[in-house]
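Some notes on the structure that comes next.
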Amino acid sequence: MISNISIALMNGIVWGLIMALIALGLNLIFGLLHVINMAHGALYMLGAVAAWYLIELTGSFWIALIIAPLFVGIVGIMIERGLIRTIEDKPIITIICTFGIMLVIQELVLMIFGGAPRRIDSPITQRFPIFELQYPAMRIMIAFISIILMSGLWIFLKKTKYGLWMRAVVQDREMAVGLGIPVTKVYMWTFAVGSALAAFSGVLAAPIVSVEFMMGREVLIMAFIIVIVGGMGNLAGSVVAAVLISLIQGVGSIFVSPSMAMVFSLAILIIVLLVRPQGLFGE
Amino acid sequence: MPETNSGILEIKNVNKSFGGLLAVNHVNLSVKKGELHALIGPNGAGKTTLLNLINGILHVSGGNILFNGQEITNLSPHRISHIGIARTLQITSLFPGLTVHENVWTAAQSRKKFFNPFLPARRWRDVQEKTEAMLELTGLKEKASLICSELSYGDQRILEMGIALSTEPKLLLLDEPTAGLNSQESMALVKKMRTMLSGQTIILVEHDMGVVMELADTISVLHYGSIIAEGPPAKIKENEEVKKVYLGTEDA
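These protein sequences, in sequence, are chains A and B. Numbering follows this note's numbering, in which position 273 of the first sequence is assigned residue number 275; successive positions increment by one, without gaps. Numbering follows this note's numbering, in which position 46 of the second sequence is assigned residue number 48; successive positions increment by one, without gaps.
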């Protein structure tokens with residue numbers, strides 16, 4: 003029982019960090035562009051599928067981990083330039099539009115990749131002794147990479163010119179325009195970074211779950227719950243909420259079935275919406 | 003009344019009517035380079051309307067506005083700010099969630115071209131130097147890493163001016179910088195303004211007579227949309243008509 007719980011805790015943290023990446027992307031795009039990106043789960047899936055092909059091609063998970071997010075980032079730029087740009091500031095239309103993009107990506111992947119789930123083998127097969135049990139070292143690696151990516155994002159936002167521009171645009175778009183910040187370019191890069199984060203999340207999740215064209219659906223719902231619970235526009239809140247929800251769900255699924263454990267997340271969502279509608283860490 | 007053509011900003015016979023109400027009535031105004039020109043007048047005299055006409059938020063009903071000899075009548079606010087007219091608004095002229103340093107930096111980079119998006123903000127040498135210089139000038143250097151919303155109201159006003167100045171405007175429009183400040187804070191702000199704003203061309207709209215008399219080179223008095231007097235502070239103080247409509251019995 004004890005070891006069950008410690009495994010569930012470990013899994014909860016690892017999965018929480020993966021979820022944090024996808025939720026950060028979603029939150030970043032929402033915070034800046036005010037776009038509720040329904041295609042975000044599809045971009046996560048696209049990252050995993052791209053990784054599968056890249057691993058077939060190069061044999062290296064690590065190359066896939068770098069190239070797949072770049073590819074999805076470029077897809078993100080095309081979506082932003084081609085579609086989102088034209089319907090900016092119309093929230094309902096962006097929901098419908100990004101929902102359409104989700105369907106298009108899913109169907110394209112179904113056509114090319116097929117409907118059968120495929121596996122990506124973990125590049126690290128060693129086990130790591132922790133809490134008197136043997137835990138897959140790959141999962142620890144995944145958690146580690148997630149933390150590095152999040153730190154990278156934090157440094158990007160805090161220390162670089164573009165990061166500062168992004169935060170300025172979030173604060174006051176009119177004033178940012180007035181001060182000569184190239185707001186449309188900032189939008190484009192934000193969408194690219196957000197999409198790449200979803201893809202990173204997909205690639206890192208791939209060795210744990212199986213890769214298939216519908217894998218983004220459940221994750222998208224989870225990501226939305228995380229963003230709302232953590233507070234919309236609050237990036238640190240998303241990370242904390244991701245790990246928290248994932249931990250509760252992980253531990254919960256020891257006692258009840260995994261799909262019942264989903265009820266816990268929804269219960270958290272409802273309680274947070276009742277008590278703190280602005281999210282746990284929202285203002 | 004000096005009616006020269008040497009002004010950096012020339013307002014010629016400008017009208018603005020809202021429906022039947024003439025808010026600005028055939029106003030002529032000339033602002034010379036380097037002077038602080040104050041607009042005063044009772045509530046509803048048309049001061050803020052006049053500022054809004056200058057920076058393009060409102061369209062004139064008649065007349066012309068020239069800036070550096072160039073026609074700017076009814077250009078968009080965006081174009082006008084690009085030409086070099088900056089304004090601090092009464093409400094938001096800073097990013098409340100960014101630090102003081104980040105605010106000034108964002109303004110300081112506004113006239114620069116950019117190349118590398120991943121460039122660390124602190125390594126952009128000339129913008130960084132400009133930012134440091136402005137922090138020095140505003141006296142906010144020690145508070146540079148504070149989030150703006152943590153600053154006192156008076157400091158926020160100083161910062162707003164610093165931000166506006168960092169965009170290197172050719173003409174700065176200040177709309178009631180002391181609004182909401184107590185008399186102590188507003189005197190401190192005036193002291194700061196005198197060092198910060200020297201040499202700048204400024205139009206100041208202000209209620210507080212003490213502030214205006216302290217800072218202005220020239221004062222124009224608006225009453226029901228018309229300019230009823232114009233001149234240096236000492237002359238305006240003596241003007242009988244001004245005393246009647248605006249200053250009342252109060253003696254600065």
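Backbone N, C-alpha and C fix where the C-beta goes; we use that ideal spot for every residue, glycine too.
Should residue i be flagged as near chain A, meaning a C-beta pair shorter than 8 Å?
| i | result |
| --- | --- |
| P98 of chain B | yes |
| S147 of chain B | no |
| I93 of chain B | For I93 of chain B, the predicted structure reports a pLDDT of 48, less than 50, and the residue's modelled location is therefore unreliable. A value from the coordinates is still provided. So no, I93 of chain B is outside the interface. |
Cβ of residue i less than 8 Å from any chain B Cβ?
| i | result |
| --- | --- |
| R169 of chain A | yes |
| L282 of chain A | no |
| K92 of chain A | no |
| Q173 of chain A | yes |
| M177 of chain A | yes |
Residues of chain A with CB closer than 7 Å to the CB of residue i, please, in chain order.
| i | result |
| --- | --- |
| S83 of chain B | G180 |
| A2 of chain B | There is no way to answer for residue 2 of chain B, as the model of chain B reaches only from 3 to 254. |
| E104 of chain B | L166 |
| S19 of chain B | Simply none; closest approach about 27 Å. |
| S112 of chain B | L181 and G182 |
Does residue i come out as helix, strand or coil in the three-state DSSP assignment?
| i | result |
| --- | --- |
| A263 of chain A | helix |
| N29 of chain A | helix |
| K34 of chain B | coil |
| N13 of chain A | helix |
| T1 of chain B | Coverage of chain B is limited to positions 3 through 254, which leaves residue 1 of chain B absent and any answer about it impossible. |
| Y46 of chain A | helix |
| D123 of chain A | coil |
| L93 of chain A | Position check: residue 93 of chain A holds Pro in this sequence, whereas Leu was assumed. Three-state result, P93 of chain A: helix. |
| Q92 of chain B | Since pLDDT at Q92 of chain B reaches only 48, below the 50 mark, its modelled position is unreliable, and the value read off the structure follows with that caveat. It is coil, neither helix nor strand. |
| S154 of chain B | coil |
| D128 of chain B | helix |
| G233 of chain B | strand |
| T180 of chain B | coil |
| V211 of chain A | coil |
| M3 of chain B | Residue confidence is low: M3 of chain B scores 41 on pLDDT, short of 50, so the model does not pin down where it sits. Its coordinate-derived value is still stated next. It is coil, neither helix nor strand. |
| L148 of chain B | coil |
| T75 of chain B | coil |
| S8 of chain A | helix |
Can you name the residues of chain B whose CB is closer than 9 Å to the CB of residue i?
| i | result |
| --- | --- |
| M190 of chain A | Per Cβ cutoff of 9 Å: no residues; M190 of chain A is ~10 Å from chain B at best. |
| L234 of chain A | It should be pointed out that residue 234 of chain A corresponds to Met in this sequence rather than to Leu. Under the 9 Å cutoff, chain B gives no residues; its nearest Cβ is about 14 Å from M234 of chain A. |
Sort out for me which residues DSSP pairs residue i with in a bridge.
| i | result |
| --- | --- |
| G64 of chain B | B:N17 |
| I98 of chain A | DSSP lists no partner for I98 of chain A. |
| L11 of chain B | B:V33 and B:F69 |
| H225 of chain B | B:S228 |
| P131 of chain A | A:Q136 |
| A40 of chain B | B:L206 and B:I221 |
| L110 of chain A | L110 of chain A is not bridged to any residue. |
| I87 of chain B | B:L173 |
| V26 of chain B | B:K18 |
| T60 of chain A | Paired residues: none, contrary to the question. |
| T101 of chain B | B:I149 |
Mind checking whether the beta-carbon of residue i lies closer than 7 Å to any heavy atom of the ligand ADP?
| i | result |
| --- | --- |
| G43 of chain A | In the structure shown, the ligand ADP is absent, as is every other ligand, since no ligand is present at all. |
Using a Cβ-Cβ cut-off of 8 Å, state whether residue i counts as contacting chain C.
| i | result |
| --- | --- |
| E58 of chain A | Within the model displayed, chain C is absent; protein chains A and B are what it includes. |
Interface positions of the region 151 to 173 of chain B facing chain A (Cβ-Cβ less than 7 Å), listed along the chain: So the list reads T169, given in the order they occur along the chain.
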